[in-house]
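Colleague: Heads up, the sequence shown is in my numbering, so the first residue is 368 and it goes up one at a time.
The structure's right below; bear with me while I get my questions together.
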Amino acid sequence: MRGQGFELEKGQNKKGKLVVISGPSGVGKGTICKQLVRRLNDVCLSISATTRPKAKTEVDGKDYYFLPREQFEKRIKECSLLEYAEVFGNFYGTPKDKVDEATAAGKTVILEIDVQGGRQVKAKCPDAVMIFIMPPTTKALVERITGRGRDAADVVQKRLAKANAEIEAAGNLYEYKIVNDDLEQAINEVMEIIRKANGDKK
Ligand code: 5GP
């Protein structure tokens, strides 16, 4: 009997939580998410599917599942995505089976997705933890987006417009808003939110 109690205490029979992390491009949410997986036990990052072209530095199946548009549309029809959205003319979505598997195994799953996707997740899973990462200032955001050197000028303009729209849309949907002024501090604040959501007292 003692064994059973121990398992419950360890949370092995408890379904893992979903943690949605959104924020404008260039705000550092990717770095924060990677660190969460490194530093916290039983936390994993959902790998999204996308129709956008793969950048040279990206790896299929690690950064994203890069899919042709027809295959993505098939997934939409099959309802095999937890959420999806069109961003800058490309589809992005969260494969549902992987998320279900991980939460059933008691893992906390981080979804690094946009606000449109965040809204869908919150509607389907009301106890999802919603975290929005904010830039310290608009100037800092512009510098980060233009300074990445990854995108053409028109894409930079689109990213800036979407960034402003996302900050407005985040409104009441996200219960936590973290300003990424100091990266280490932002990581610690997000870790604290996740620990609390999982009922840890430390
Ligand atoms: P990027 O092309 O820079 O990797 O991502 C562009 C935007 O798409 C980012 O805001 C990112 O958070 C969002 N995104 C990435 N994966 C998903 C997803 O699975 N669902 C949704 N709704 N947005 C996503």
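Glycine included, each C-beta is placed from N, C-alpha and C at the ideal position.
Quick caveat, the model's predicted, so the values are computed rather than measured.
Would you kindly work out how many angstroms separate the C-alpha atoms of residue 427 and residue 415, rounded to a whole number?
Modeller: Working through the sequence shown from its first residue, we reach residue 427 at position 60. Working through the sequence shown from its first residue, we reach residue 415 at position 48. Those two C-alpha atoms are separated by around 10 Å.
Colleague: Taking the continuous beta strand (DSSP E) assigned at residue 513, which residues delimit it?
Modeller: Position 146 of the sequence shown holds residue 513. Per DSSP, residue 513 belongs to no beta strand (DSSP E); it is in the alpha helix (DSSP H), 505-514.
Colleague: With distance defined between alpha-carbon atoms, name the residue in 453, 455, 462 and 435 nearest to residue 447.
Modeller: In the sequence shown, counting from the first residue as 1, residue 447 sits at position 80. Nearest option by C-alpha distance: 462.
Colleague: Out of curiosity, what's the CA-to-CA distance linking residue 518 and residue 525?
Modeller: What you label residue 518 is simply residue 151 of the sequence shown in a count that begins at 1. What you label residue 525 is simply residue 158 of the sequence shown in a count that begins at 1. So the two alpha carbons sit approximately 10 Å from each other.
Colleague: Using three-state DSSP, classify residue 445 as helix, strand or coil.
Modeller: Residue mapping note: residue 445 aligns to position 78 of the sequence shown, counting from 1. In this structure, residue 445 counts as coil in the three-state DSSP scheme.
Colleague: Got a sec? Which residues, its chain only, sit under 7 Å from residue 483 by beta carbon, not counting five neighbours each side?
Modeller: Within the sequence shown, residue 483 is the residue found at index 116, counting from 1. Here the set comprises 452.
Colleague: Below 8 Å between beta carbons: does that hold for residue 522 and residue 474?
Modeller: As a first step, residue 522 is located in the sequence shown; it is residue number 155 there, counting from the start. As a first step, residue 474 is located in the sequence shown; it is residue number 107 there, counting from the start. Their beta carbons are not under 8 Å apart, which means residue 522 does not touch residue 474 by this criterion.
Colleague: Please say whether residue 497 and residue 506 have beta carbons closer to each other than 8 Å?
Modeller: What you label residue 506 is simply residue 139 of the sequence shown in a count that begins at 1. What you label residue 497 is simply residue 130 of the sequence shown in a count that begins at 1. No.
Colleague: Taking 7 Å as the cut-off, is the C-beta of residue 480 nearer than that to any heavy atom in ligand 1?
Modeller: Working through the sequence shown from its first residue, we reach residue 480 at position 113. Yes, since a heavy atom of ligand 1 falls inside the 7 Å radius drawn around the Cβ of residue 480.
Colleague: Going by the beta-carbon positions, is the gap between residue 535 and residue 481 smaller than 8 Å?
Modeller: For this step, residue 535 is matched to residue 168 along the sequence shown. For this step, residue 481 is matched to residue 114 along the sequence shown. Not closer than 8 Å, so no.
Colleague: In chain order, what residues of the same chain lie with their CB nearer than 8 Å to the CB of residue 460, ignoring the 5 residues before and after it?
Modeller: For the purposes of this step, residue 460 is taken as the residue at position 93 of the sequence shown. Answer for residue 460: 415, 416, 417, 439, 442, 443, 448, 449, 450, 451, 452 and 484, listed in chain order.
Colleague: Where does residue 382 fall in DSSP's three states?
Modeller: For the purposes of this step, residue 382 is identified with residue 15 of the sequence shown, where counting begins at 1. Looking at residue 382 - three-state DSSP - the assignment turns out to be coil, as it is neither helix nor strand.
Colleague: I'd like to check one pair, residue 412 with residue 479: are the Cβ atoms closer than 8 Å?
Modeller: For this step, residue 479 is matched to residue 112 along the sequence shown. For this step, residue 412 is matched to residue 45 along the sequence shown. Yes, they are a contact pair.
Colleague: Write down the C-beta distance between residue 393 and residue 500 rounded to the nearest angstrom, noting that I regard them as a contact closer than 8 Å.
Modeller: Here residue 393 is taken as the residue at index 26 of the sequence shown, counted from 1. Here residue 500 is taken as the residue at index 133 of the sequence shown, counted from 1. Between residue 500 and residue 393 the Cβ distance is about 10 Å, and since that is not below 8 Å, they are no contact.
Colleague: Measuring only the C-alpha atoms, how far is residue 373 from residue 567?
Modeller: Residue 373 sits at position 6 when you count from the first residue of the sequence shown. Residue 567 sits at position 200 when you count from the first residue of the sequence shown. Confidence in residue 373 is poor, its pLDDT being 37 and thus under 50, which makes the residue's placement unreliable; the coordinate value appears in the next sentence. Approximately 15 Å between the Cα atoms of the pair.
Colleague: Confirm, please, whether the CB-CB distance from residue 527 to residue 509 is below 8 Å.
Modeller: Sequence index remark: in the sequence shown, residue 509 carries index 142 (1-based). Sequence index remark: in the sequence shown, residue 527 carries index 160 (1-based). A contact, by the Cβ cut-off of 8 Å.
Colleague: What are the boundary residues of the alpha helix (DSSP H) that includes residue 411?
Modeller: Counting from 1 along the sequence shown, the entry for residue 411 is found at position 44. Where residue 411 is concerned, there is no enclosing alpha helix (DSSP H), although the beta strand (DSSP E) it sits in stretches over 410-412.
Colleague: Taking a contact to mean a Cβ-Cβ separation below 8 Å, would you say residue 554 touches residue 543 in this structure?
Modeller: Working through the sequence shown from its first residue, we reach residue 554 at position 187. Working through the sequence shown from its first residue, we reach residue 543 at position 176. No, Cβ-Cβ distance for residue 554 and residue 543 is not below 8 Å.
Colleague: Taking its Cβ as the centre, do 16 or more other Cβ atoms sit within 10 Å of residue 396, making it buried, or is it exposed?
Modeller: For the purposes of this step, residue 396 is taken as the residue at position 29 of the sequence shown. When all chains shown are included, residue 396 counts as buried.
Colleague: Considering only C-alpha positions, which residue in the set 529, 466, 556 and 564 is nearest to residue 652?
Modeller: Outside the shown range of the chain (368 to 569) lies residue 652, about which nothing can therefore be said.
Colleague: Hey, could you find the ends of the beta strand (DSSP E) residue 403 is sitting in?
Modeller: Locating residue 403 in the sequence shown gives position 36, where the first residue counts as 1. Per DSSP, residue 403 belongs to no beta strand (DSSP E); it is in the alpha helix (DSSP H), 396-406.
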